[in-house]
Amino acid sequence: MKELFYTPARTISGSRVMIRGEEAHHIFKVKRHRHGDKVLVTDGEGSEYKVLITSASDSLVEGQIISTLRKPKEPLLEVTLAFGIIKAPRIEVLFEKCTEMGVSAFQPLVTSRTVPEWEEEKKVPRFERIIVSAMKQSLRSVAPKILPLLDLRDFLTIIPNYDHALVAWEEARHQLRERLTKRRVRRLLLVIGPEGGFALDEVDALLKAGAKPFSLGLRRLRSETAALAALANVYSLYDA
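According to UniProt numbering, the stretch in the sequence shown is residues 1 to 240, in order.
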């Protein structure tokens, strides 16, 4: 089975690669790769490298780049998932599974019904590790970024930056597939509410800012489930 390992771009200098920490441990102890083995490595920024291991230990794996692979595996459609922050462990599921689906970026939001605190310095590094793990699992070469937390007022100002903006709302009359256009768009903003959904005044503000409401059917879905259902619809239409 194909394996993909990760090291930040800053650890790659010319043709030399230095993999440290947990990833070195994973390569050496778990996968038992040694000097002379060839492995596939991504920098999380779109490049993949075939690397010849020149030395290996539990804390450091060094290698030489044999070839650079730039086979795009990313969807042509860039989807930013904006979501009202939700409690763990469901937020971790959201980051993991939406990364596997192909999301380009995550935009966390504070709304009137968000309960948990964001705690950026404490939680974001863990979320980023989850994203990297999901990137490798799904053989992606780009790790989605977690954008800075926004409140709804500031978020409204960036909606026009996208080609198309869609917001999940249980009272919407149109199904998601009715809102998706066959016209090729480059940047899509998908907006999912927190536990309890958006307040009516928030929905009104989102619509006035240009977002189009959509429904995911008769069932009431948790935020992370709604995100996955919406992404499955989007990517199936655009054949990403």
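Every residue, glycine too, gets a C-beta built ideally from N, C-alpha and C. On a predicted model such as this, the values are computed, not experimentally measured, just so you know.
Check the DSSP bridge columns for residue i and list the partner residues they point to.
i, result
"D151", "V110"
"L60", "R20"
"L69", "E48"
"Y6", "T42"
"I53", "G63"
"P125", "DSSP output for P125 lists no bridge partner at all."
Leaving out five residues on either side along the sequence, give the residues of the same chain with a beta carbon under 6 Å from the beta carbon of residue i.
i, result
"A209", "L156, I159"
"R34", "A56"
"S215", "A172, Q175"
"S169", "Here residue 169 is Trp; the residue named in the question, Ser, does not match the sequence. The residues are V203, P213."
Determine the DSSP secondary structure at residue i, reduced to helix, strand or coil.
i, result
"residue 242", "Because the chain is modelled from 1 through 240, residue 242 falls outside the range shown and cannot be assessed."
"Y238", "helix"
"I86", "coil"
"V132", "helix"
"I192", "strand"
"I146", "strand"
"R177", "helix"
"P75", "coil"
"K97", "helix"
"I158", "coil"
"K31", "coil"
"S104", "coil"
"L218", "coil"
"A199", "coil"
I'd like to know if residue i contacts chain C, where contact means its C-beta is closer than 8 Å to some C-beta of that chain.
i, result
"R186", "Of the protein chains in the structure, only one exists, and it is not chain C."
Excluding the 5 residues preceding and the 5 following residue i in the sequence, name in chain order all residues of the same chain whose CB lies nearer than 7 Å to its CB.
i, result
"V124", "I146"
"I229", "Strictly speaking, residue 229 in this sequence is Ala, with Ile absent from that position. Excluding residues within five positions, the ones whose Cβ falls inside 7 Å are L216, L221."
"S104", "E78, V79, T80, P144"
"I12", "D43"
Flag this pair as yes or no: are the beta carbons of residue i and residue j separated by less than 8 Å?
i, j, result
"L109", "A82", "yes"
"V191", "A232", "no"
"K29", "L40", "no"
"S112", "E202", "yes"
"Q107", "L150", "yes"
"G63", "V132", "no"
"S236", "G84", "no"
What separation, rounded to the nearest whole angstrom, lies between the Cα atoms of residue i and residue j?
i, j, result
"T90", "L218", "For the record, residue 90 in the displayed sequence is Arg; it is not Thr. Using only the alpha carbons, I get a separation of about 22 Å."
"T99", "V93", "10 Å"
"K122", "S59", "24 Å"
Report all residues from its chain with a CB closer than 8 Å to the CB of residue i; omit the five preceding and five following residues, and keep chain order.
i, result
"residue 288", "Nothing about residue 288 can be reported from this structure: the residues present for the chain run from 1 to 240 only."
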